[in-house]
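Asks:
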Amino acid sequence: METILEARALTKDYEDFSLRGISLEVRRGSIAGIFGPNGAGKSTLIKVLTHQVPHRTGTVRVFGQSYEEHEPGIKNRIGYVPQEPAFYMDRSVRWTARFAAPYFANWDGSCFYKLLDDFKVNPLRQVKHLSGGQRKLLSLALALSHGADLLVLDEPTAGLDIVYRRALLDRLRAFVADGDRTVIVASHITDGLDEIAEDVWFLNDGRIVTHEDKDELLSRWKWIHFREGALPRAVEDRLKNVRRQPFGSSGLTDEFCELRDELATALAAGDARLENASLEDILLTQIKEE
Amino acid sequence: MQAKQLFISLLPSNPDPMYKQATDQIKDAIATGDLGPGDRLPSVRELSEALKVSAITIKRAYLDLETEGYILTRAGLGSFVADVDRNILRERKLGEVRAEMRRIVRTGSKFGITLDDIIRLTRQLEREPYGDDSGS
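Going down the list, the protein sequences come from chains A and B. Going by numbering that gives the first Met the number 0, the first residue of the first sequence is number 0, and it counts up by one from there. Going by numbering that gives the first Met the number 0, the first residue of the second sequence is number 0, and it counts up by one from there.
1. For a contact defined as C-beta to C-beta under 7 Å, what are the partners of A:Gly269 on chain B?
2. State yes or no: is the beta carbon of A:Asn240 nearer than 8 Å to at least one beta carbon in chain B?
3. Report the rounded CA-to-CA distance for A:Ala99 versus A:Arg242, giving the unit in angstroms.
4. Under a CB-based cut-off of 8 Å, is B:Ser53 close to chain A?
5. Look at A:Arg272 and B:Ser8 and say whether their C-beta atoms are less than 8 Å apart.
6. Near A:Val184, which residues of its chain fall below 6 Å by C-beta distance, leaving aside the five closest residues on each side in sequence?
7. Would you give the residue range spanned by the beta strand (DSSP E) that B:Arg44 belongs to?
8. Given this structure, state the Cα-to-Cα distance separating B:Val80 from B:Thr56, to the nearest angstrom.
9. In the DSSP output, which residue or residues are listed as bridge partners for A:Leu150?
10. Between the stretch 199–230 of chain A and chain B, which residues of the former have a C-beta closer than 7 Å to a C-beta of the latter?
11. Is A:Leu283 close to chain B? Criterion is C-beta to C-beta, closer than 8 Å.
12. What residues of chain A sit near B:Leu46, judged by a beta carbon separation below 9 Å?
13. How about A:Leu171 and A:Val61: are their beta carbons less than 8 Å apart?
14. In angstroms with no decimal places, state the Cα-to-Cα distance between A:Glu235 and A:Asp270.
15. Short check: CB of A:Leu202 to CB of A:Ala39, under 8 Å?
16. Drop a sphere of 10 angstroms on the beta-carbon of B:Gly134, count the other beta-carbons inside from all chains shown, and report buried for 16 or more, exposed for fewer.
17. Is the shortest distance between the beta-carbon of B:Leu5 and the beta-carbons of chain A less than 8 Å?
18. On the DSSP letters alone, give me the boundaries of the beta strand (DSSP E) that A:Arg19 sits inside.
19. Going by the CB atoms, is the gap between B:Leu10 and B:Gln20 shorter than 8 Å?
20. By DSSP, does A:His210 sit in helix, in strand, or in coil?
21. What does the Cβ neighbour count give for A:Asp253, buried or exposed, with the cut at 16 atoms within 10 Å?
22. Mapping the DSSP letters down to three states, classify A:Arg124 as helix, strand or coil.
23. Just to confirm my understanding: we take A:Ile207, look at its own chain, exclude 5 residues before and 5 after, and list those with CB closer than 8 Å. What are they?
24. Please say whether A:Val80 and A:Leu138 have beta carbons closer to each other than 8 Å?
25. Given that A:Arg272 touches chain B, what residues does it touch there, using C-beta distances under 8 Å?
26. Report yes or no: is there a C-beta of chain A within less than 8 Å of the C-beta of B:Pro14?
27. Looking at C-alpha atoms only, which residue of A:Thr10, A:Gly28 and A:Leu9 is the closest neighbour of A:Val182?
28. Consider the Cβ of B:Leu50: report whether some Cβ of chain A lies at a distance smaller than 8 Å.
29. In its own chain, which residues sit with a C-beta less than 6 Å from the C-beta of A:Arg19, not counting the 5 before and 5 after it?
30. For A:Arg242, write down the residues that DSSP places opposite it in a beta bridge.
31. Kindly indicate which three-state DSSP category A:Arg90 falls into: helix, strand or coil?
32. Along chain B, in chain order, which residues have C-beta atoms closer than 9 Å to that of A:Ser249?
33. What does A:Glu274 pair with, by DSSP beta-bridge criteria?
34. Residue range of the alpha helix (DSSP H) that B:Thr22 falls in?
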């Protein structure tokens, strides 16, 4: 599996916040999701990975190259959608595209206007008259219109209604469909991006708490609802987040595969039931455990 | 007889609506004896709070149970398990077992597993010490 982006032991210090030794590898053709609460360091990490702010120590290589030697070449191949896109507010959408085009070697105007049409953004409008969601889509259209091989998005669904959010998710899936292009997306999770991400990283307080293939992660984390006293003691003791209620208790396990046999009796007797855990459940539990 | 504690859990991933999961599980509790005739059911509020669903969901479940004759609701007193005919409970469960068996028999014929195989497996399972197959 080819690595498209590789970070090694990255650190970055702000006065009140640090990235504390981040290492990650993003596979070509994947959708990589970086999830975490506000203030976890998602935006800082994204900015370091796209070389918009310098890091203190560590290395970043994109497409096998370093920014130090190949910055213009790398940046040409990255489509970036910032959390809060900055535009000249008094200018039109069309002016914005003309302004941006010379910065990219492979600008494709017809692709851009086709996307605007799909997103129902009027090219003649002044940017200040677009809604927050439309500005986000304008930023996405720009990022998708210069032949990028890697799309990096920071909280891309913020401000989008459900229709445009769905359009964005479909667009991201289509972007990676041929297996050559890659998406890295940072998000606080509850917005559908957890659906499409394949590799997930949980970030908390400037560190990576978890990195795993999403399917693997979801297959080992399960909610177990159980009748009080129905589970073997050893199993119950290993559950996290146990909530005791009058009509049945519940707890999370992150080792469902190992516990499966021990749960079989209670499951067959109807004294225990299983429920999938969401990425949000898992992230919250891990943050709490820190 | 000491009634076992009521165990109800409503799962969003279950294809059945919440109120139906509740009625089915209460029927099961009556069938297994966890709830006996005359036992008082938790109040709507108690159950809706514990299960984190709206009172409307539980009210609907209780209403259905009452319509089907499983419980009786007395204004101001609460809901109580009715004197349910054990045969009705058995018939209901038999229907579920039948549906499961149909699935097993069809799976079997699709993958070349004969009825004899299935019967042999069933006997084997019955001999397994129920409730203690985890430790061995």
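Virtual Cβ for every residue (Gly too), placed ideally from N, Cα, C.
Replies: Reading off the structure:
1. Residue 269 of chain A sits at position 270 when you count from the first residue of the first sequence. The answer, in chain order, is Asp27.
2. Working through the first sequence from its first residue, we reach residue 240 of chain A at position 241. With 8 Å as the cut-off, A:Asn240 does not count as an interface residue toward chain B.
3. Here the question's residue 99 of chain A lines up with position 100 in the first sequence. Here the question's residue 242 of chain A lines up with position 243 in the first sequence. If you take the alpha carbons of A:Ala99 and A:Arg242, they lie about 54 Å apart.
4. As a working note, residue 53 of chain B is residue 54 in the second sequence. Cβ-Cβ to chain A under 8 Å: no for B:Ser53.
5. By 1-based counting over the first sequence, the position of residue 272 of chain A is 273. By 1-based counting over the second sequence, the position of residue 8 of chain B is 9. Result yes, Cβ atoms of A:Arg272 and B:Ser8 sit closer than 8 Å.
6. Position 185 of the first sequence holds residue 184 of chain A. Taken in chain order, the residues that qualify are Gly32, Leu152 and Leu192.
7. The sequence position of residue 44 of chain B within the second sequence is 45, counting from 1. Segment Val43 to Leu50 is the alpha helix (DSSP H) holding B:Arg44; no beta strand (DSSP E) there.
8. Within the second sequence, the letter at position 81 stands for residue 80 of chain B. Within the second sequence, the letter at position 57 stands for residue 56 of chain B. Taking the straight line from one Cα to the other gives about 19 Å.
9. The residue labelled residue 150 of chain A in the question sits at position 151 within the first sequence. A:Leu150 is bridged to A:Gly78 and A:Val182.
10. His224, Arg226 and Glu227
11. Residue mapping note: residue 283 of chain A aligns to position 284 of the first sequence, counting from 1. It does not; no Cβ of chain B falls within 8 Å.
12. To locate residue 46 of chain B, count along the second sequence from 1; it is residue 47. Ordered by position in chain A, the residues that pass the 9 Å Cβ test against B:Leu46 are Pro245 and Phe246.
13. For the purposes of this step, residue 171 of chain A is identified with residue 172 of the first sequence, where counting begins at 1. For the purposes of this step, residue 61 of chain A is identified with residue 62 of the first sequence, where counting begins at 1. No, they are not a contact pair.
14. As a first step, residue 235 of chain A is located in the first sequence; it is residue number 236 there, counting from the start. As a first step, residue 270 of chain A is located in the first sequence; it is residue number 271 there, counting from the start. One C-alpha to the other measures close to 13 Å.
15. Position 203 of the first sequence holds residue 202 of chain A. Position 40 of the first sequence holds residue 39 of chain A. Going by C-beta atoms, A:Leu202 is nearer than 8 Å to A:Ala39.
16. Along the second sequence, read from residue 1 onward, the residue named residue 134 of chain B stands at position 135. The predicted model places B:Gly134 with a pLDDT of 39, which falls under 50 and marks its position as unreliable, so this point remains unresolved.
17. The residue labelled residue 5 of chain B in the question sits at position 6 within the second sequence. Put simply, the CB of B:Leu5 is near chain A, with a gap under 8 Å to one of its CB atoms.
18. Position 20 of the first sequence, counted from the start, is the residue given in the question as residue 19 of chain A. Counting along the chain, the beta strand (DSSP E) containing A:Arg19 begins and ends at Ser17 to Arg26.
19. Taking the second sequence and counting its residues from 1, one reaches residue 20 of chain B at position 21. Taking the second sequence and counting its residues from 1, one reaches residue 10 of chain B at position 11. It is a contact, given that the beta carbons lie within the stated cut-off.
20. Here residue 210 of chain A refers to the residue found at position 211 of the first sequence. Three-state DSSP puts A:His210 in a strand.
21. As a first step, residue 253 of chain A must be located in the first sequence, where it is residue number 254. Per the 10 Å Cβ criterion, buried.
22. Within the first sequence, numbered from 1, the residue matching residue 124 of chain A stands at position 125. Coil at A:Arg124, not helix or strand.
23. Counted from its first residue, the first sequence places residue 207 of chain A at position 208. Taken in chain order, the residues that qualify are Ile21, Ser22, Leu23, Trp200 and Phe201.
24. Reading the first sequence from its first residue, position 139 is the one you call residue 138 of chain A. Reading the first sequence from its first residue, position 81 is the one you call residue 80 of chain A. The residue asked about is misnamed: residue 138 of chain A is Ser in this sequence, not Leu. Going by C-beta atoms, A:Ser138 is nearer than 8 Å to A:Val80.
25. By 1-based counting over the first sequence, the position of residue 272 of chain A is 273. Within chain B, the residues near A:Arg272 are Ser8 and Leu10.
26. Taking the second sequence and counting its residues from 1, the one referred to as residue 14 of chain B is at position 15. Taking a beta-carbon distance threshold of 8 Å, B:Pro14 does not count as an interface residue toward chain A.
27. Start at 1 with the first residue of the first sequence, and residue 182 of chain A comes out as number 183. Ranked by Cα distance from A:Val182, the options A:Thr10, A:Gly28 and A:Leu9 are led by A:Gly28.
28. For the purposes of this step, residue 50 of chain B is identified with residue 51 of the second sequence, where counting begins at 1. Output row for B:Leu50: interface = yes.
29. In the first sequence, counting from the first residue as 1, residue 19 of chain A sits at position 20. Cβ neighbours of A:Arg19 beyond the five flanking positions: Gly205 and Arg206.
30. Here the question's residue 242 of chain A lines up with position 243 in the first sequence. Partner(s): A:Ser249.
31. Here residue 90 of chain A refers to the residue found at position 91 when the first sequence is read from its first residue. Three-state result, A:Arg90: coil.
32. Translated into positions along the first sequence, residue 249 of chain A becomes position 250. The contacting residues are Ser8.
33. On the first sequence, position 275 is the one that residue 274 of chain A refers to. Its beta-bridge partners are A:Trp222.
34. By one-based count along the second sequence, residue 22 of chain B stands at place 23. Here the alpha helix (DSSP H) through B:Thr22 covers Met17 to Thr31.
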